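Chains as they are written, first to last, in this note's numbering: chain A, 3 to 255; chain B, 3 to 255. Reading through the structure tokens given below for one structure.
Number of protein chains: 2
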Amino acid sequence: MRIVCLGSGNVASHLAAAFKKAGMEIVQVWSRDIGHAAELAIALNAQAINNLELLDKTADLYLISIKDDAIENIVLSLQGVKGLVVHTSGATSIDVLKGLAQYGVFYPLQTFSKQKHLDISGVPICLEANSEHAYELMEQTASAIGARSDRINTAQRRVIHLAAVFACNFTNHLYHLANTILAANNLQFDLLKPLILETALKVQGELPIDVQTGPAVRNDVQTMKNHLELLNGSQELQEIYECLSNSIKKTHL
Amino acid sequence: MRIVCLGSGNVASHLAAAFKKAGMEIVQVWSRDIGHAAELAIALNAQAINNLELLDKTADLYLISIKDDAIENIVLSLQGVKGLVVHTSGATSIDVLKGLAQYGVFYPLQTFSKQKHLDISGVPICLEANSEHAYELMEQTASAIGARSDRINTAQRRVIHLAAVFACNFTNHLYHLANTILAANNLQFDLLKPLILETALKVQGELPIDVQTGPAVRNDVQTMKNHLELLNGSQELQEIYECLSNSIKKTHL
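Structure below.
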């Protein structure tokens, strides 16, 4: 399998590395920024390009991992290719690829950072395709890198993407807010690490609604009042505290 | 070391099991509800009581793990004991134990569920004591169960407890909200589990502010607008979405 990567960000880097590890060949990496393209291409032993006219039109798979609003433009440069073209965006319809011969969405439901190695096995990849043939190709590709695949249409993928914002992006920001609360009192973020990990481990086997703890679920009014006083210096933190505590109470009481 | 447990909830159960495993003897378990006391006492080969007049006054350690507002009352029954008396509450001052001979706070910074086994090693235990002698005893006890201990005063402990609400309680509730979003569309919570775990693993080695992802940190206005439309049926979820997205933008942009 010969692959062209369009994009060189977090998702492209992790997927391309997994494809390479599975014995596939990355032939080109395109990025608007040739430096970024080169950085990834060197690691993959591929050609770096920033000019779409140089695109290899004979690859088996074109992987588009770029900003959502730039996908449409890239697709124009792929007109006429026979290979499978996929994008990796949770929030973008499959229809942005319409007009191509074989296409689909290959959306890995995971958070990728360049600096952190990640084992892709077990990661759910949400697949949607314009034909059964294309779907089977994508399923084989997911399976080759050890990932799990799920048949997910565009409407479902949008819902999953939204749920992921709550479960990952908002959660990470709460970790950051906890750190600011500690740092303002010269306390180390290290203290919270085992707690953060256990909170995530718990819901691997239980539903979160069944393992909710804390003052709001106990309706411990005095502790919540004390917490709001401690947050006196920040209206923003007070609002978040009240907003989430009220939602917990609404769910449980 | 002979220990009396006052309380039979999540924290009491996990700590008592760790003490027992470390070779200490649990002599009594008190709970207002004799059924709850008996359930834990049987596992520990201890006596279950629900009458405070039956308290063994000769134990080396009294572990108070009950609702914050009930601690004061229990302390009245412990007047005159020579052993070390500790409570495990993050939100309660050490002063609630004043008047006793040896006392302190033994606050494990972790989330405990009865149904889930937890390895206590590596859990930070926040210690505060009324004397150096009591502090050393508590430090040895923490070390005997393989936990890490940190010297934390009452004011610091309150801050840590508040930060833990953000990092654990609110986070778990966000997992639940993500699940409700999925469930309303007949999608399984299983899909999110690798993402949730990776989000928590990432901040074991990086600061959360350095690994923030998602539409808010990219200021991807169109995606955020689409998400709010998807949440059309729930004003509560829309408010949480806006509140946290605004906070992310304020932090990063």
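Glycine is no exception: its CB is placed at the ideal position from the N, C-alpha and C atoms. Just so we're clear, the structure is a prediction, and the values are computed from it rather than from any experiment.
| Item | Value |
| --- | --- |
| Residue range of the unbroken alpha helix (DSSP H) whose run includes A131 of chain B | No alpha helix (DSSP H) contains A131 of chain B, which is instead part of the beta strand (DSSP E) from P126 to A131. |
| Three-state secondary structure assigned by DSSP to I147 of chain A | coil |
| A157 of chain A versus A:T113, A:S151 and A:T94, residue with shortest Cα-Cα distance | A:T94 |
| Exposure label - N75 of chain B; buried when at least 16 CB within 10 Å | exposed |
| Sequence-distant residues of its chain with Cβ nearer than 8 Å to V205 of chain A (five each side left out) | V213 |
| Limits of the unbroken alpha helix (DSSP H) element including A237 of chain B | Strictly speaking, residue 237 of chain B in this sequence is Gln, with Ala absent from that position. Where Q237 of chain B is concerned, the enclosing alpha helix (DSSP H) stretches over Q237 to H254. |
| Alpha helix (DSSP H) runs wholly inside the segment 210-238 of chain A, at least 4 long, in chain order | 223-232 |
| Closest Cα partner of I198 of chain A within the set B:N187, B:L184 and B:N171 | B:N171 |
| H119 of chain B, DSSP secondary structure in three states | coil |
| Proximal chain A residues relative to I211 of chain B, where beta-carbon distance stays under 7 Å | H178 |
| Collapsed DSSP secondary structure at L111 of chain A in the structure displayed | coil |
| Contact list for S224 of chain B against chain A, beta-carbon separation under 9 Å | The amino acid at residue 224 of chain B is misidentified as Ser; the sequence shows Gln. Here the neighbours are D70, D71 and A93. |
| Contact with chain B by N234 of chain A, beta-carbon distance below 8 Å | no |
| Residues in the segment 148-167 of chain A having any Cβ partner in chain B nearer than 9 Å | R150, D152, I154, A157, Q158, R160, V161, I162, H163, L164, A165, A166 and V167 |
| Nearest-angstrom Cβ-Cβ length linking S10 of chain B and L46 of chain B, presumed shorter than 8 Å | So it is not a contact: roughly 10 Å between Cβ atoms. |
| Test item: CB-CB of V88 of chain A and I66 of chain A under 8 Å | yes |
| As assigned by DSSP and simplified to three states, the class of E27 of chain B | strand |
| Of the residues B:K116, B:L164 and B:D222, the one placed nearest V13 of chain B, counting alpha carbons only | B:K116 |
| Contacting residues, own chain, Cβ-Cβ under 7 Å from D58 of chain B (five flanking each side not counted) | V6, V29 and Q30 |
| R153 of chain A - DSSP class collapsed to helix/strand/coil | strand |
| V98 of chain A - DSSP class collapsed to helix/strand/coil | helix |
| Contact set between E130 of chain A and chain B, taken where Cβ atoms lie within less than 8 Å | The contacting residues do not exist; E130 of chain A stays about 14 Å from chain B at best. |
| Start and end residues, alpha helix (DSSP H) containing I68 of chain A | Element bounds for I68 of chain A: n/a, residue is neither H nor E. |
| Residues from the segment 104-138 of chain A in contact with chain B, defined by Cβ distance under 9 Å | L111, Q112, T113, F114, S115, Q117, K118, L120, G124, V125, P126 and C128 |
| Minimum Cβ-Cβ distance from Q206 of chain B to chain A less than 8 Å | yes |
| Pair within 8 Å by beta-carbon distance, D70 of chain A and T225 of chain B | yes |
| Contact with chain D by G9 of chain A, beta-carbon distance below 8 Å | Absent from the structure is chain D; the protein chains it does hold are A and B. |
| Under 8 Å between C-beta atoms of T143 of chain A and L63 of chain A | yes |
| Contact with chain A by G85 of chain B, beta-carbon distance below 8 Å | no |
| Chain-order list of residues whose beta-carbon lies under 7 Å from that of S15 of chain B (same chain, five-residue window excluded) | L42 and K116 |
| Cross-chain neighbours of S249 of chain B in chain A, by beta carbon under 8 Å | H175, L179, E238 and I242 |
| Element boundaries [alpha helix (DSSP H), containing A45 of chain B] | I36 to L46 |
| Between the CA atoms of P126 of chain B and K84 of chain A - distance to the nearest angstrom | 58 Å |
| Assigned secondary structure, L8 of chain A (DSSP; H/G/I helix, E/B strand, else coil) | strand |
| contact_flag[the segment 178-191 of chain B, the segment 153-167 of chain B] where n(CB pairs < 8 Å) is 3 or more | no |
| Identified DSSP bridge partners for A50 of chain A | A:V31 |
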